[in-house]
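Participant: Sharing a structure below in structure tokens format, with a few things to ask.
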């Protein structure tokens, strides 16, 4: 078990291409003195474009904290975080919000949709907030990919859990963001719906070149990714390429030792 | 369970504070009203007790007429009674007194004192022992050239002893030498009234009273009991048949109660508005507790699951309501003290100086505050409390959507039914039993309130329709949020509805009254000018003015009109007193029988009065004026237009015989043929300028001034209704805060996917505006109905136009938008400040 604090993703063909997102020495500390908790302890990581990365680790490992800070939902205590070549610490709240709106896609575990809007309105929500019209061809493609064509006028309360997550996936992709962050997207779904949603996410990366970073505890979900990053105690402790459910499960088991 | 209730209350302090606030405001107004009127009542009790402290017996004429709003009019007695009383065994001090209208002119020629406020008078001072004047400067006046003033006028007129002071009265302006200034029972001036003090003969002369006095005071300095003295006076004086004799205590009580009666009316007036404020508060409490219950579904279900009974759940909520009610009532009571002080300061600012004394905080006020405050809170929370108990225990385990039967039909029926009953009772109340209004109007509001949720969605959608186009997604979200919970939106809007309805009603009424006034004056007054003074029933213009104007070449006719009081066929009535010649030129009364050439022993009646008195031209009626003589008068004519003239008209020739003061309240003038307005004015001004309280107005200026008086009253009502509106705005803010709290997750999501803080604030703001507009529109509709109903009810009183002041109503709606924006300020800020991460956390 080697604990290195610096990892890179699978080498892209050209190392000078700017990664979709990344952190340098990311540190997040709560409390002070004896009660200090280091949720992130100097994490340096890069997420290359067109790659599906899973972040895994036991409870309290900092995986959600890493994702929140990377996505611009939380601020670091120390270190830098980038989306594209933009250093998020230089942005005020309004610009950060705009960045999330225009460059980032989100899929949460639950409460993904605004209950008063239809599926269609939920999908185009970020663009509507920006006052922009979506690229209709792209949008149609996304909608058809997730298979929601005949559900567009329904409200979330009229959709099943799986359908709601599909709408969330569609929304995350609809604005062709630089990067999509998914936080336990299949956590509340049954295995069939979950597999469906993961399949769409996989296709988004493979067929459409999107970049996805997914936090999960489920080895089955991780197996859809190209690459897994393992965290423990706020540090990156391992990585794995071409994950399978078996390999991931074994690796996770070692955290107990 | 009590402990649970207490703990829950404490935990939700913030939520309940907003609710309690509305009750606090309403109770503060209620308590303040009581404290204020109690204080004033005691002040006047004390005042009059002090004034008549040394008086044992008071002798006055037994001829009186109760003239309603103008008070009791009383005749005068001959001053020979003074000697009669002095001769009675046991009487050591005696004084006659006379009292009448006068205006003291300041050095700039303008009259001192208020026109429409406390009286401006002349009074005699003749006995230091008996009379309450305490001379702080100089001395009491003696002789025909001397005058003294109340200390307040002395100071405000910037006078010095020895100055020449001009006093205006029935006989014109006179000048006297100032010899003193006095305090009245300890105050520089009692309640802002001004007094010109003379010795008795001078006062009689000035007031044109001949040998008459208003009363005779008597006292024993030997310790004789006042009842005993009164008995002796009654027994011994020759004039006993034409006078009545009261004890000093009795006259003090009577004087005080005259004022207290007026105060009771004012008290009731203010209490009505306190009641309105509390009515609005009840809507807010109902709404807030409904939301709290909805948010506590899980908790309550859990309690039920572990064995709490339905009644225990209900009781918990009621106990919370009780606690809120008690605290709010107590705070409201304290707030009432502040309110009372504010009211006192307000009166002082308009010149009415109440003699100082502490505020009267009676236990009645505290008890009423508690009962009303707790009552309103608990009653309003009854329905939500019972609803809380209906939660099925299984709701603790899973998110079960509470089965709500579609109650649309029963809601529609119930709402229409209650509303119609309310409307019917209101109309009934306006045509007779005022008590029905107290039941009908609230029922009407409740009926519309019940219908509210049915209206909320369609109307809300309609109102919010332009938002998506103007504000994009922010607008869409605002609109959808406003209608997603129609019940809640309707309940929140309802609080504003009440205030807006009353404002609209008063606005419609005022506009119609003003148009009515214009129309009546337009039809019935054919002259060109009015010389106006704003007194009514006490004093006014010297009749000399009218005759001086009439003599001008430029003037065709000048008719001075006086207000008279008499018993006609035994009933106490108010009469119009005129010179028939000029009056018939200047007014068009539409005589339907006989004519208006009323002689010395004749009378003219309005058509409706002739109907109720069952007389026609030629019949006789009995007339008794303040001199006590029974006269017979013949009906000369019957007229149709009675709005200006009233039910009875007599000639000045006749009324003069009663011996009462003669004052015109206004002179109505018609220019001579061929004379332009400027010419006429130029000729009249030198004469009207001589009379310091006369105001020369053109016809249109006069109409505008009458309209302005309506505006004054309306503005007062607006001020009082503002309270209800403020409470409603607080209510909207409160509900919005609770809704924002509920939508934390949703807001977190929106912020995560890119909604800026400004956009969040905007969404909350426009949701508030839609809600406010919803309430305002309902209010405007009800208000128009109320205004219309009142107008129909008052048609007999001369109100015969229905005006819809569209501009004003648009302003009302615009103000509702402003109210919505204001209510949203804090909730919007709180929503925007939500920590995104906390909001979207699903726990890890």
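Chains as they are written, first to last, in the numbering used here: chain X, 1 to 257; chain Z, 1 to 844.
For every residue, glycine included, the Cβ atom is placed at its ideal position computed from N, Cα and C.
Since the model is a prediction, treat every value here as computed from it, not as a measurement.
1) Among the candidates 75/X, 244/X, 203/X, 229/X, whose CA atom is the shortest distance from the CA of residue 144/X?
2) Does any C-beta atom of chain Z lie closer than 8 Å to the C-beta of residue 21/X?
3) Let's see if you can read the secondary structure: which residues bound the alpha helix (DSSP H) around residue 267/Z?
4) Which first and last residues belong to the alpha helix (DSSP H) in which residue 462/Z is found?
5) Let me know the beta strand (DSSP E) ranges lying completely inside the region 163-199 of chain Z, each 3 residues or longer, listed in chain order.
6) Return the CA-CA distance between residue 165/X and residue 196/X, expressed in angstroms with no decimal places.
7) With 16 as the cutoff for other CB atoms within 10 Å, does residue 227/X come out buried or exposed?
8) Thinking C-alpha only, which one of 747/Z, 551/Z, 314/Z is nearest residue 389/Z?
9) How many angstroms separate the CA atom of residue 279/Z from the CA atom of residue 723/Z?
10) Rounded to whole angstroms, what's the CA-CA distance from residue 321/Z to residue 20/Z? Just pull it up for me.
11) Taking DSSP's pairing of strands, which residues face residue 428/Z in a bridge?
12) In chain X, which residues lie with their C-beta within 8 Å of the C-beta of residue 481/Z?
13) Below 9 Å on C-beta distance, what does residue 756/Z contact in chain X?
14) Within 8 Å of any Cβ in chain X, is that where the Cβ of residue 722/Z sits?
15) Within 10 angstroms of its Cβ, does residue 525/Z collect 16 or more other Cβ (buried), or is it exposed?
16) So is residue 218/X in contact with chain Z if we call contact Cβ pairs under 8 Å?
17) Tell me, to the nearest whole angstrom, how far the beta carbon of residue 43/X is from that of residue 23/X; I am working on the premise that it is less than 8 Å.
18) Should residue 477/Z be flagged as near chain X, meaning a C-beta pair shorter than 8 Å?
19) Against chain Z, which members of the region 63-77 of chain X pass a CB distance test of less than 7 Å?
20) Which of the residues in the region 281-301 of chain Z, read from start to end, lie with their CB under 8 Å from any CB of chain B?
21) Exposed or buried, which one is residue 253/X when buried takes at least 16 other CB atoms within 10 Å?
22) Beta-carbon within less than 6 Å of residue 763/Z's beta-carbon, same chain only, minus the 5 sequence neighbours each way: which residues are those?
23) Quick one: residues in its chain with C-beta nearer than 6 Å to the C-beta of residue 340/Z, no 5 flanking neighbours on either side, listed in chain order?
24) So if I threshold CB-CB distances at 9 Å, which residues from the region 225-252 of chain X count as touching chain Z?
25) Expressed to the nearest angstrom, what Euclidean distance is found between the alpha-carbon atoms of residue 40/X and residue 32/X?
26) Identify, in the order they occur along the chain, each residue of the same chain with its Cβ nearer than 7 Å to the Cβ of residue 45/X, setting aside the five sequence neighbours on each side.
27) Which of the three DSSP states is assigned to residue 227/X in this structure?
28) So the alpha helix (DSSP H) residue 247/X belongs to, where does it begin and stop?
29) Can you find the residues in the same chain that come closer than 6 Å, C-beta to C-beta, to residue 786/Z, ignoring five residues on each side of it along the sequence?
30) State the beta-bridge partners of residue 594/Z as determined by DSSP.
31) So, residue 551/Z versus residue 683/Z, is the Cβ gap smaller than 8 Å?
32) Determine the extent of the beta strand (DSSP E) in which residue 102/Z is found, giving its start and end residues.
33) Judging by CA-CA distance, which residue of 67/Z, 801/Z, 57/Z, 61/Z is the nearest neighbour of residue 538/Z?
34) Strictly under 8 Å for the Cβ-Cβ distance: is residue 126/X near chain Z by that measure?
35) Rounded to whole angstroms, what is the Cα-Cα separation between residue 835/Z and residue 73/X?
36) Candidates 671/Z, 670/Z, 87/Z, 563/Z: which alpha carbon is nearest residue 73/Z's?
Facilitator: A quick look at the data gives this:
1) Start at 1 with the first residue of the first chain, and residue 144/X comes out as number 144. Comparing Cα positions, the closest option is 203/X.
2) Counting from 1 along the first chain, the entry for residue 21/X is found at position 21. It does not; no Cβ of chain Z falls within 8 Å.
3) Counted from its first residue, the second chain places residue 267/Z at position 267. 248-295 is the span of the alpha helix (DSSP H), which, as asked, contains residue 267/Z.
4) The sequence position of residue 462/Z within the second chain is 462, counting from 1. Note, residue 462/Z: alpha helix (DSSP H), 435-464.
5) Runs of beta strand (DSSP E) with 3 or more residues, each lying fully within the region 163-199 of chain Z, are found at 164-169, 172-184, 194-198, listed in chain order.
6) In the first chain, the residue the question calls residue 165/X occupies position 165. In the first chain, the residue the question calls residue 196/X occupies position 196. Roughly 10 Å between the two C-alpha positions.
7) By 1-based counting over the first chain, the position of residue 227/X is 227. Buried, by the Cβ-count rule.
8) The count along the second chain starts at 1 and reaches residue 389/Z at position 389. Ranking 747/Z, 551/Z, 314/Z by Cα distance to residue 389/Z puts 314/Z first.
9) Within the second chain, residue 279/Z is the residue found at index 279, counting from 1. Within the second chain, residue 723/Z is the residue found at index 723, counting from 1. A direct Cα-to-Cα measurement between residue 279/Z and residue 723/Z gives close to 12 Å.
10) The residue labelled residue 321/Z in the question sits at position 321 within the second chain. The residue labelled residue 20/Z in the question sits at position 20 within the second chain. For residue 321/Z and residue 20/Z, the distance between alpha carbons rounds to 9 Å.
11) Here residue 428/Z refers to the residue found at position 428 when the second chain is read from its first residue. Note: residue 428/Z is not bridge-paired with any residue in the DSSP secondary-structure output.
12) Residue numbering aside, residue 481/Z sits at position 481 when the second chain is read from its first letter. By Cβ distance, chain X contributes 116.
13) Locating residue 756/Z in the second chain gives position 756, counting from the first residue. Under a criterion of Cβ atoms nearer than 9 Å, the residues of chain X adjacent to residue 756/Z are, in order, 93, 94, 97, 98, 101, 129.
14) Within the second chain, residue 722/Z is the residue found at index 722, counting from 1. No, no contact with chain X.
15) In the second chain, the residue the question calls residue 525/Z occupies position 525. Buried, by the Cβ-count rule.
16) Within the first chain, numbered from 1, the residue matching residue 218/X stands at position 218. So, not an interface residue.
17) Counted from its first residue, the first chain places residue 43/X at position 43. Counted from its first residue, the first chain places residue 23/X at position 23. Residue 43/X to residue 23/X, Cβ: 6 Å. Contact.
18) As a first step, residue 477/Z must be located in the second chain, where it is residue number 477. Chain X has a Cβ within less than 8 Å of the Cβ of residue 477/Z.
19) The region 63-77 of chain X vs chain Z, Cβ under 7 Å: 64, 68, 73, 74.
20) Structure shown: chain B not included; protein chains present are X and Z.
21) In the first chain, the residue the question calls residue 253/X occupies position 253. So residue 253/X counts as exposed.
22) The residue given as residue 763/Z occupies position 763 in the second chain. Correct list, in chain order: 474, 477, 478.
23) Residue mapping note: residue 340/Z aligns to position 340 of the second chain, counting from 1. Correct list, in chain order: 32, 35, 36, 359.
24) Those residues of the region 225-252 of chain X that come within reach of chain Z (Cβ to Cβ, closer than 9 Å) do not exist; the list is empty.
25) As a position in the first chain, residue 40/X is number 40, starting the count at 1. As a position in the first chain, residue 32/X is number 32, starting the count at 1. Distance between the alpha carbons of residue 40/X and residue 32/X is about 14 Å.
26) Stepping through the first chain from its first residue, residue 45/X is reached at position 45. 7, 22, 23, 229, 236.
27) Residue 227/X sits at position 227 when you count from the first residue of the first chain. Strand, per DSSP.
28) As a position in the first chain, residue 247/X is number 247, starting the count at 1. Note, residue 247/X: alpha helix (DSSP H), 245-253.
29) Taking the second chain and counting its residues from 1, the one referred to as residue 786/Z is at position 786. By the criterion of a C-beta distance shorter than 6 Å, residue 786/Z is surrounded in its chain by 505, once the five residues flanking it on both sides are discounted.
30) Along the second chain, one-based indexing puts residue 594/Z at 594. Beta-bridge pairing links residue 594/Z to 637/Z.
31) Taking the first residue of the second chain as position 1, residue 551/Z is located at position 551. Taking the first residue of the second chain as position 1, residue 683/Z is located at position 683. Taking 8 Å as the Cβ cut-off, residue 551/Z and residue 683/Z do not qualify as a contacting pair.
32) Counting from 1 along the second chain, the entry for residue 102/Z is found at position 102. Where residue 102/Z is concerned, there is no enclosing beta strand (DSSP E), given that its DSSP letter is neither H nor E.
33) Within the second chain, the letter at position 538 stands for residue 538/Z. Ranked by how close their Cα comes to the Cα of residue 538/Z, the residues 67/Z, 801/Z, 57/Z, 61/Z have 67/Z in first place.
34) Taking the first chain and counting its residues from 1, one reaches residue 126/X at position 126. Yes, because at least one Cβ of chain Z sits closer than 8 Å to the Cβ of residue 126/X.
35) Here the question's residue 835/Z lines up with position 835 in the second chain. Here the question's residue 73/X lines up with position 73 in the first chain. Residue 835/Z and residue 73/X have their C-alpha atoms roughly 9 Å apart.
36) As a position in the second chain, residue 73/Z is number 73, starting the count at 1. Put simply, of 671/Z, 670/Z, 87/Z, 563/Z the residue whose alpha carbon is nearest the alpha carbon of residue 73/Z is 563/Z.
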